[in-house]
């Protein structure tokens, strides 16, 4: 069970409700995930984290679907069960098909493998990768 | 320096050269990265790793550019200096702009943050995330 | 279930009981956590691990409460569910308030984020950070 | 070298300079670390990251020195060379003595060890650690 | 529950069954682990992963038992619950005794500890470790 | 450079020299690695860490060579540059051939890959892996 428990909407302060309302409106849903209910005991963290997620995950140079898939890639690499479950669901909602998910996993697996081959063999960075390209 | 050193093309066996040739042809380049030269001492690993990378990173349900960006996301999460340098270069070559790179990094950073909030607050997985959607 | 099971006090050897007794006396409790019962099949590991933990976690230049919070920070970063649960409980017992826990989590989350921004952007260490200060 | 290079104060836009100025004023220094100069190519990330760091690392339920030490603990766990160097320097500036640093490292090392013993032995969470204490 | 569910033998395509058959024949068992059933939705990944595992884990310069123990070491370091459980079982089947398991865990724990002491103290690599020995 | 610098034998206290002497005698060498010189500022950590390493890495149910290879596996997984370099050298000294090293790396790479496939596909632990076998 969550360390401090969960703050449900009915029992939330106005400050917390305002964030919950914005989450639901932004995501076009009538649910707030346990993640937000768990960190809501610290309204400053709740608001800052949500504002950051909202700013980062919206459309920009990258599509929101791509961003959700990157989130899944990081979460699988870190073995975060909660984040894998919730962001896989979010990515599906954003349009990730089974084929896309399975290719995503293949890349994540391969990257984790070659990351260790590169470090284990102590490979030096090629000269041409060392120059910044602005 | 690489643990076993690097095998340059001129000194490579026919078996290793065949892989180097395929790498250069597939990537339309006349260079082979240090990574491949370092693991070439084990031709079985060289060939298997290259075959896997070639199969996984090609076009499919996901664009090669997206795949390279996922590679960078995993490598940054794992703090693999070599892989960050080489796959950032590969992603750029595949079309990643500065804006795309910077948004990629923002997502990677945020995911790494919320992964720890989720685990640290011991958040339970929401019921609706537990059903497989095939 | 634990790989080898758990060794309860009643069934423990004198050697194992001696460690259990010291754990309970040091921690002023009548319980021994599952962690110790799980590794007790290897009395050498049990004793060495307990001696190290006892030496490290006691008062010194840092307060035991601070040490428990650092333990939680590492465990959340590593996504170790058992360790997050047990050391969060230990930190609370040592005086960690909800506010302290929530600030701890905020720092842990932020550090995990900027760790990846620093590696992903391949930031070089500033010259003035390279000199040892003894 | 940093992926995109570094933006020095002299060449920075007004928007970036405003953040640099706030960093220097808050930290009572006339230098801006490479980290900020590297991410300044994305002013949105620069401002958001700084605002978050500023909010999180200030005095609260935990002392700024404790927060810097937690930052070091996370960075050492993640093997982020840049972050270890910069936050060790920041922690020293905030008052961390050699003795405090060495005890910090001892706790970080021990936590990383027992995290793996707990997962490797597949230890189940004790019942009494499962109840949230709000 | 697995993201896409599990593909049981009875419902599997001929392509997937061929891999399942090879797994069972190679491992001399009449069961296929959930891992394979979960990734079988992507036959390309299923076949490639199995072929790689089969090639890597067989006898060579290292004994299959040693290889399974290394797998457990990596999985415990990464906190992968599924992999710890399945590869501990595989290592036992390959001949790992309780004593071997417990010594394995001791090494894994210690390595995780000193990895962080080395990075946290920012230890430079000794000159004599820098030369490749081919 | 190491955070606190390095303590050379000539300038070491009797307490530190005693540990250095034991390291050199046990390892049959006239050198002490930088790792020990870096943590020697905290004699308690130096002695405890060395005693633990000495106890764990000696012959037992597992051969010292196998133990060194497990150390390399963990270090490559964690991307600890110092530890990869020093323990690869130690494993070689203990008898690791190039072939053994390359097979070790192949297993480490594969384990890191399947660890993420298992977590990313959210594979549930098979029932038969859940029973402890003592």
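Protein chains in written order, with the numbering used here: chain A, 1 to 134; chain B, 1001 to 1134; chain C, 2001 to 2134; chain D, 3001 to 3134; chain E, 4001 to 4134; chain F, 5001 to 5134.
Yeah, the Cβ is synthetic: ideal placement off N, Cα and C, and Gly gets one too.
These numbers come from a predicted model, not from an experiment.
Item: Under 7 Å between beta-carbons, which chain C residues line up against residue 4114(E)? List them in chain order, please.; Value: None at all; the shortest Cβ gap to chain C is about 13 Å.
Item: Can you tell me where the alpha helix (DSSP H) holding residue 1106(B) begins and where it ends?; Value: 1098 to 1120
Item: Among 76(A), 68(A), 51(A), which one has its Cα closest to the Cα of residue 5120(F)?; Value: 76(A)
Item: Can you tell me the Cα-Cα spacing of residue 4127(E) and residue 5018(F), whole angstroms?; Value: 24 Å
Item: Return no unless some Cβ of chain C is closer than 9 Å to the Cβ of residue 4103(E).; Value: yes
Item: So, helix, strand or coil for residue 1026(B), using DSSP?; Value: helix
Item: Exposed or buried, what is residue 1003(B) when buried is set at 16 or more other beta-carbons lying within 10 Å of its beta-carbon?; Value: buried
Item: Just checking: is the beta-carbon of residue 2099(C) within a distance shorter than 9 Å of some beta-carbon in chain A?; Value: yes
Item: Of all the CB atoms in chain E, is at least one closer than 9 Å to the CB of residue 5026(F)?; Value: no
Item: Measure the Cβ-Cβ separation of residue 1118(B) and residue 38(A) and say whether it is below 9 Å.; Value: yes
Item: Cutting at 6 Å between CB atoms, please list the residues of its own chain near residue 2134(C), excluding the five before and the five after it.; Value: Caution applies to residue 2134(C), whose pLDDT of 46 falls short of 50 and renders its modelled position unreliable; the model cannot decide the point.
Item: With respect to 8 Å, is the separation between the Cβ of residue 3101(D) and the closest non-hydrogen atom of the ligand NAD below this value?; Value: The model depicted lacks the ligand NAD and carries no ligand whatsoever.
Item: Just verifying my parser: in three-state terms, what is the DSSP assignment at residue 92(A)?; Value: helix
Item: If you drop the 5 nearest sequence neighbours on each side, which residues of the same chain put their C-beta closer than 8 Å to that of residue 1032(B)?; Value: 1009, 1020, 1023, 1024
Item: Check the Cβ of residue 79(A) against every Cβ in chain G and list those closer than 7 Å, keeping chain order.; Value: This model lacks chain G altogether; the protein chains it does include are A, B, C, D, E and F.
Item: Between the stretch 3029 to 3042 of chain D and chain B, which residues of the former have a C-beta closer than 7 Å to a C-beta of the latter?; Value: 3041, 3042
Item: In angstroms, rounded to a whole number, what distance separates the CA positions of residue 5070(F) and residue 5060(F)?; Value: 14 Å
Item: Chain E partners of residue 1130(B), CB-CB under 9 Å?; Value: 4001
Item: Counting only Cβ pairs nearer than 9 Å, list the residues of chain F close to residue 1045(B).; Value: 5102, 5103, 5105, 5106, 5109
Item: Using the beta-carbon of each residue, which ones in chain F are nearer than 8 Å to residue 2052(C)?; Value: 5048, 5052
Item: Is DSSP giving residue 2134(C) helix, strand or coil here?; Value: Model confidence at residue 2134(C) stands at a pLDDT of 46, short of 50, so the residue's coordinates are unreliable and nothing is read from them.
Item: Tell me which residue opens and which closes the alpha helix (DSSP H) that residue 3059(D) is part of.; Value: No alpha helix (DSSP H) contains residue 3059(D), which DSSP labels as neither H nor E.
Item: With distances taken from CA atoms, which of 2015(C), 2115(C), 2040(C), 2028(C) is nearest residue 3082(D)?; Value: 2115(C)
Item: Can you find a CB in chain C that lies within less than 9 Å of the CB of residue 4(A)?; Value: yes
Item: Show which residues of chain E have a CB atom less than 7 Å away from the CB atom of residue 5075(F).; Value: 4111, 4115
Item: Which residue's Cα is closest to the Cα of residue 3011(D): 3001(D), 3040(D), 3029(D)?; Value: 3040(D)
Item: What residue range is occupied by the uninterrupted alpha helix (DSSP H) comprising residue 1070(B)?; Value: 1064 to 1078
Item: If the criterion is Cβ atoms closer than 9 Å, does the pair residue 49(A) and residue 1124(B) meet it?; Value: no
Item: Where does residue 1067(B) land, buried or exposed, given buried means 16+ other C-beta within 10 angstroms?; Value: buried
Item: Strictly under 9 Å for the Cβ-Cβ distance: is residue 3059(D) near chain E by that measure?; Value: no
Item: Around the Cβ of residue 2029(C), are there at least 16 other Cβ atoms within 10 angstroms (buried) or fewer (exposed)?; Value: exposed
Item: Hey, how far is the Cα of residue 2105(C) from the Cα of residue 46(A)?; Value: 12 Å
Item: Can you give the Cα-Cα distance for residue 3054(D) and residue 15(A), rounded to whole angstroms?; Value: 21 Å
Item: Please report whether the beta-carbon of residue 5122(F) lies at a distance below 9 Å from any beta-carbon of chain C.; Value: no
Item: For the alpha helix (DSSP H) containing residue 38(A), list its first residue and its last residue.; Value: 34 to 39
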